[in-house]
Each structure stands twice: as structure tokens, then as C-alpha cells.
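Let me begin by presenting the structure, written as C-alpha cells, before commenting on it.
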Amino acid sequence: MSFIFTFLILATVGAAIGFLGGLVGIGGGLLAIPFFVLALGYEQQAAQGTALIMVLPAVLTTLFNYHRLAPIPFKEAVAGASTSVIFTWLGARFALGLDPVVLQRFYAGFVLFLALYYFYKSRPPKAGVERVAARENIPIYYFMLIGMVSGSAGGVFAVGGSVVVVPLLTTLFHFSQFRAQALGLSMIVPGIVVALLTYAYHGQVLVLSGLPMAIGSLLLVPLGVRVAYGLAESRLRFIFAFTLLGIAFLLYYSTR
Numbered sequence: 000m001s002f003i004f005t006f007l008i009l010a011t012v013g014a015a016i017g018f019l020g021g022l023v024g025i026g027g028g029l030l031a032i033p034f035f036v037l038a039l040g041y042e043q044q045a046a047q048g049t050a051l052i053m054v055l056p057a058v059l060t061t062l063f064n065y066h067r068l069a070p071i072p073f074k075e076a077v078a079g080a081s082t083s084v085i086f087t088w089l090g091a092r093f094a095l096g097l098d099p100v101v102l103q104r105f106y107a108g109f110v111l112f113l114a115l116y117y118f119y120k121s122r123p124p125k126a127g128v129e130r131v132a133a134r135e136n137i138p139i140y141y142f143m144l145i146g147m148v149s150g151s152a153g154g155v156f157a158v159g160g161s162v163v164v165v166p167l168l169t170t171l172f173h174f175s176q177f178r179a180q181a182l183g184l185s186m187i188v189p190g191i192v193v194a195l196l197t198y199a200y201h202g203q204v205l206v207l208s209g210l211p212m213a214i215g216s217l218l219l220v221p222l223g224v225r226v227a228y229g230l231a232e233s234r235l236r237f238i239f240a241f242t243l244l245g246i247a248f249l250l251y252y253s254t255r
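Using numbering that gives the first Met the number 0, you'd call the opening residue of the sequence shown number 0 and step up by one each time.
Rendered as C-alpha cells:
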């Protein structure tokens with residue numbers, strides 16, 4: 000298979016992942032990792048490290064487009080990012096020491112849990128029950144605690160930090176799905192850089208696979224964000240949950 004043909008295939012896959020990542024606010028990493036494991040046969044650590052090449056520019060692009068549609072609170076984002084960086088590094092060091100199959104099953108379980116949670120959250124509201132207003136004047140240390148949880152998940156799984164942040168913000172503070180996805184992404188950017196450098200230092204980043212997918216991803220991320228902005232809350236959550244459930248099934252099945 001020629002280099003150009005391989006590049007085009009990877010870029011096309013990256014474009015599809017970028018669209019879905021923009022749609023659900025996850026930067027596409029949760030989808031890229033199963034592709035590397037199931038389609039290319041990478042071990043879990045190499046898949047996670049390589050996915051970060053695609054994740055970083057995709058997250059930055061997604062974040063820019065989210066911010067244009069709904070400005071992200073700077074103080075809360077910085078508070079979450081400050082603790083996320085440290086715990087991302089700790090999580091990455093832990094993940095690099097695990098057996099690849101164990102880590103893959105751990106990752107599948109993590110994704111399955113999130114899928115079930117989002118199926119629960121995507122239920123239509125009961126008749127006569129009003130939507131709870133988002134909390135205001137939230138103490139800044141809450142966002143630092145959320146950053147710790149986000150960083151730990153992002154370090155262990157290379158991605159997923161924002162996926163953890165979103166349910167915390169929607170459940171604890173009643174943020175809208177769109178607002179939570181935007182703030183969640185803003186918290187994880189420094190941690191992604193730390194995770195990428197950590198995985199690269201340990202030889203778990205394959206640039207020739209990750210770069211074409213990163214280029215393709217950037218083409219359709221803005222479109223995914225625009226579609227997400229116009230979708231109903233319950234429908235967006237259902238798409239998110241259904242996507243995660245499929246990923247969890249494929250990952251677990253591949254380890255049998």
C-alpha cells in the first residue's frame with residue numbers, strides 16, 4: 000500500500016472522527032484509540048499515545064469554535080487546568096506501567112460506564128418538571144477538584160478528561176450539555192500536552208499514523224460543533240451515549 004493511499008485513508012478516518020468529536024465535545028480521541036487498536040493492531044499504550052497527536056489540534060479547534068458560540072469562563076477553566084496538568088502526568092505514568100490488555104479492558108469499562116450514564120441522562124424530562132437553572136458563583140476550588148479527576152482520567156486513558164468533566168458539570172452544577180462540553184475541553188488542553196510528551200518520551204507515539212488523522216480531523220471539527228449547537232440536549236446526550244457504547248463493546252470484544 001503506497002504512502003499516499005495510506006495517508007488518504009487515515010485522513011478520511013480522521014475527518015469522520017473529527018466531526019463526531021466536535022459533535023459530542025470529546026476531541027475525537029475516544030474514537031481514534033479503538034481505531035488504532037482494532038484496525039491497525041496497536042497495543043493500548045501506543046494507541047493512546049498516537050491518538051494524542053490527533054487530539055491536541057482537534058481539541059484546540061473544537062474549543063475555538065465552542066468559544067465563538069458561547070464564551071467560556073476564563074477563571075473556571077484556568078482553575079481546572081491548573082490541577083489537571085499534575086494529575087495527567089501521574090495518570091500517564093501509571094498507565095505506561097500496566098499490561099496493554101489490562102489497560103484496554105480498563106479503558107473499555109471506563110467507556111461503558113460513561114455510556115450507561117449518558118443513556119440515563121438522555122431520557123426525556125418528565126411532564127411538568129422544569130429544568131433546574133445552572134448554579135452561579137460556584138467556589139473556584141470545586142473546579143480545581145474537577146481538574147484533578149479530569150487529569151487522572153486523561154493521564155490513564157490519554158483522553159477522556161473532558162468526558163469526565165461533562166457529567167460532573169451537568170449533574171453537580173446543572174450546566175447545559177453544550178456549556179459543560181466547552182468548559183470541559185478548556186480544562187484539558189495543558190494536560191493533553193503533558194500526556195503527549197510523557198507518552199512520546201516512552202516511545203508510545205507513532206507520528207506517521209497520528210499526523211494524517213490530525214489533518215483530516217481538523218477539516219470537519221467546525222461542522223460537528225455547529226451541528227451540536229443546534230441539537231436538543233437529550234438528542235445530543237443520546238448520540239454521545241450510543242457512540243461510547245459501541246466503542247466499549249468493540250474494545251472488550253477485541254481482548255477475548
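Just so it is clear, CB atoms sit at the ideal spot from N, CA and C, and this is done for glycine as well.
Q. Which value, in whole angstroms, describes the spacing of the CA atoms of TYR140 and ALA80?
A. As a first step, residue 140 must be located in the sequence shown, where it is residue number 141. As a first step, residue 80 must be located in the sequence shown, where it is residue number 81. Near 12 Å, if we compare the C-alpha coordinates of ALA80 and TYR140.
Q: Throw me the rounded Cβ distance for the TYR198 and ALA91 pair, which I believe falls under 8 Å.
A: Translated into the one-based positions of the sequence shown, residue 198 becomes position 199. Translated into the one-based positions of the sequence shown, residue 91 becomes position 92. The Cβ separation is near 6 Å, so the contact holds.
Q. Roughly how many angstroms separate the alpha carbons of LEU250 and LEU171, rounded to a whole number?
A. If you number the sequence shown from 1, residue 250 lands on position 251. If you number the sequence shown from 1, residue 171 lands on position 172. Approximately 30 Å between the Cα atoms of the pair.
Q: Return the residue from the list LEU95, ARG67, HIS66 and PHE6 that minimises the CA-CA distance to GLY202.
A: Working through the sequence shown from its first residue, we reach residue 202 at position 203. Considering only alpha carbons, the answer is LEU95.
Q) Leaving out five residues before and five after SER283 in sequence, what residues of the same chain have Cβ atoms less than 8 Å from its Cβ? A) The structure shown does not extend to residue 283, since the chain is modelled only from 0 to 255, so the question has no answer here.
Q: Mind the definition here: the stretch 35–43 touches the stretch 237–247 only if three or more C-beta pairs lie below 8 Å; say whether that holds.
A: no
Q: Out of LEU219, PHE18 and ALA213, point me to the one whose CA is closest to PHE6's CA.
A: Working through the sequence shown from its first residue, we reach residue 6 at position 7. Looking at the Cα atoms, ALA213 is the closest of the given residues.
Q. Just how far apart, CA to CA, sit PHE142 and ARG178?
A. Sequence index remark: in the sequence shown, residue 142 carries index 143 (1-based). Sequence index remark: in the sequence shown, residue 178 carries index 179 (1-based). Spanning the two alpha carbons is a distance of roughly 14 Å.
Q. What alpha helix (DSSP H) runs, 4 residues minimum, are completely inside the stretch 153–203?
A. 160–171 and 176–200
Q.
Check this for me: beta carbons of ALA78 and ALA181, under 8 Å apart or not?
A. As a position in the sequence shown, residue 78 is number 79, starting the count at 1. As a position in the sequence shown, residue 181 is number 182, starting the count at 1. The answer is no: Cβ separation not under 8 Å.
Q.
Please identify the residue among LEU59, THR60, TRP88 and VAL110 whose C-alpha is closest to the C-alpha of PRO33.
A. Indexing the sequence shown from 1 puts residue 33 at position 34. Per the Cα distances, VAL110.
Q | DSSP state of PRO56 mapped onto helix, strand, coil | A | Within the sequence shown, the letter at position 57 stands for residue 56. Correct three-state label for PRO56: helix.
Q: Can you grab the Cα-Cα spacing for the pair LEU19 / LEU89, in whole Å?
A: Here residue 19 refers to the residue found at position 20 when the sequence shown is read from its first residue. Here residue 89 refers to the residue found at position 90 when the sequence shown is read from its first residue. Those two C-alpha atoms are separated by around 29 Å.
Q) So with Cβ pairs under 8 Å, would you call THR11 a contact of chain B? A) The chain labelled as chain B is not found in the depicted structure, where only one protein chain is given.
Q. Going by alpha carbons, who is nearest to LEU9 out of LEU207, LEU219 and ALA227?
A. The residue given as residue 9 occupies position 10 in the sequence shown. Ranking the options by Cα distance to LEU9, first place goes to LEU207.
Q. In whole angstroms, what separates the C-alpha of ALA15 from that of SER121?
A. Here residue 15 refers to the residue found at position 16 of the sequence shown. Here residue 121 refers to the residue found at position 122 of the sequence shown. Taking the straight line from one Cα to the other gives about 23 Å.
Q) Leaving out the 5 sequence neighbours to the left and right, which residues in its chain are closer than 8 Å to LEU30 when beta-carbon positions are compared? A) The residue given as residue 30 occupies position 31 in the sequence shown. If we look at LEU30 and ignore the five residues flanking it on each side, its Cβ neighbours are ILE16, LEU19, GLY20, THR242 and ILE246.
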